[in-house]
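Chains as they are written, first to last, in my numbering: chain B, 3 to 22; chain A, 758 to 1011.
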């Protein structure tokens, strides 16, 4: 999990930290 | 595909699938169609081209890594909105994104590509391959431009681009998948949707095969990107470690 920390975060967030 | 395992899907279901994938695609494209129409397709003037060319190699690499990472974040959001993707186990979600997100970025690039001038929207204006000379990988850049140009020549509509992108992301033949069968089912359904949208848009019979050829071209480009990155990292390990976006390193850094 540590290896893909950001991907995990992006997948778990209801919206990604991009200004969609 | 094996007829016995192909799912039975009604036309109405396929229509619905195409609609939802297209909606997700449009909601998660970095640039909206209206924005693209307003773009002046302005090319970088020569002095600005030279300014990119004279950047140190590592600075240009960092800039491109940032741009690729921004584009990939939108692709992650697209994947999350594909029916069934979030029902896969998290290992498989990550495997599919690691293998497929750059492929989708390259496919989406044709929306931002000006075939007449062989240039792509980058950092505010349209850039030809010469803008990327400082990266030190002219062959890879030329291949990426050739790919974008060949994608453009297919003149895919937004719904065709959307379903093709979903089809790429749901590739069941990626290494390290834990629930391969589930991914296979999703991909087969997406392939039916792709066939359906191509027929509906009255594409010629060979259209699906042309897209299948693009899959192998994309795989080769992504492999070359990884190899080129690893050659760069061998020379500039500290630059990659301290200045490259963490998401980019997770996806490609190994």
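Glycine is no exception: its CB is placed at the ideal position from the N, C-alpha and C atoms.
Residues of its chain near residue i, where Cβ-Cβ distance is below 7 angstroms and the 5 sequence neighbours each way are ignored
| i | result |
| --- | --- |
| residue 775 of chain A | 916, 920, 950, 953 and 954 |
Of the listed residues the options, nearest to residue i (C-alpha basis)
| i | options | result |
| --- | --- | --- |
| residue 765 of chain A | A:864, A:784 and A:947 | A:947 |
| residue 1017 of chain A | A:940, A:941, A:897 and A:1009 | As shown, chain A starts at 758 and ends at 1011. That puts residue 1017 of chain A outside it, with no answer to give. |
| residue 990 of chain A | A:852, A:934 and A:814 | A:814 |
| residue 744 of chain A | A:860, A:861 and A:879 | Any answer about residue 744 of chain A is impossible in this case: the structure gives chain A only from 758 up to 1011. |
| residue 14 of chain B | A:851, A:803, A:821 and A:998 | A:851 |
| residue 836 of chain A | A:926, A:967, A:939 and A:940 | A:926 |
| residue 928 of chain A | A:1008, A:771 and A:853 | A:853 |
| residue 772 of chain A | A:972, A:957, A:885 and A:1004 | A:957 |
| residue 885 of chain A | A:810, A:912 and A:1002 | A:810 |
Contact list for residue i against chain B, beta-carbon separation under 8 angstroms
| i | result |
| --- | --- |
| residue 851 of chain A | 6, 9, 10 and 13 |
| residue 847 of chain A | 10 and 13 |
Beta carbon of residue i nearer than 8 angstroms to that of residue j
| i | j | result |
| --- | --- | --- |
| residue 891 of chain A | residue 812 of chain A | yes |
| residue 827 of chain A | residue 785 of chain A | no |
| residue 796 of chain A | residue 864 of chain A | no |
| residue 969 of chain A | residue 856 of chain A | no |
| residue 832 of chain A | residue 858 of chain A | yes |
| residue 883 of chain A | residue 799 of chain A | yes |
| residue 819 of chain A | residue 1000 of chain A | yes |
| residue 825 of chain A | residue 923 of chain A | no |
| residue 906 of chain A | residue 875 of chain A | yes |
| residue 844 of chain A | residue 934 of chain A | no |
| residue 901 of chain A | residue 978 of chain A | yes |
| residue 806 of chain A | residue 887 of chain A | yes |
| residue 943 of chain A | residue 841 of chain A | yes |
Helix, strand or coil at residue i according to DSSP, with G and I counted as helix
| i | result |
| --- | --- |
| residue 876 of chain A | strand |
| residue 921 of chain A | helix |
| residue 883 of chain A | strand |
| residue 1009 of chain A | helix |
| residue 871 of chain A | strand |
| residue 800 of chain A | strand |
| residue 894 of chain A | coil |
| residue 12 of chain B | helix |
Residues near residue i in its chain [Cβ-Cβ closer than 6 angstroms; skip 5 each side]
| i | result |
| --- | --- |
| residue 994 of chain A | none |
| residue 8 of chain B | none |
Under 9 angstroms from the C-beta of residue i: neighbouring residues of chain B
| i | result |
| --- | --- |
| residue 1007 of chain A | 5, 6, 7, 8 and 9 |
| residue 1004 of chain A | 8, 9 and 12 |
| residue 824 of chain A | Under the 9 angstroms cutoff, chain B gives no residues; its nearest Cβ is about 13 angstroms from residue 824 of chain A. |
| residue 942 of chain A | By Cβ distance, chain B contributes nothing, its closest Cβ being about 20 angstroms from residue 942 of chain A, past 9 angstroms. |
Within chain B, partners of residue i - CB distance below 7 angstroms
| i | result |
| --- | --- |
| residue 854 of chain A | 9 |
| residue 780 of chain A | Within 7 angstroms Cβ-Cβ: nothing; residue 780 of chain A doesn't reach chain B, min ~13 angstroms. |
Contacting residues, own chain, Cβ-Cβ under 8 angstroms from residue i (five flanking each side not counted)
| i | result |
| --- | --- |
| residue 936 of chain A | 845, 846 and 849 |
| residue 768 of chain A | 953 |
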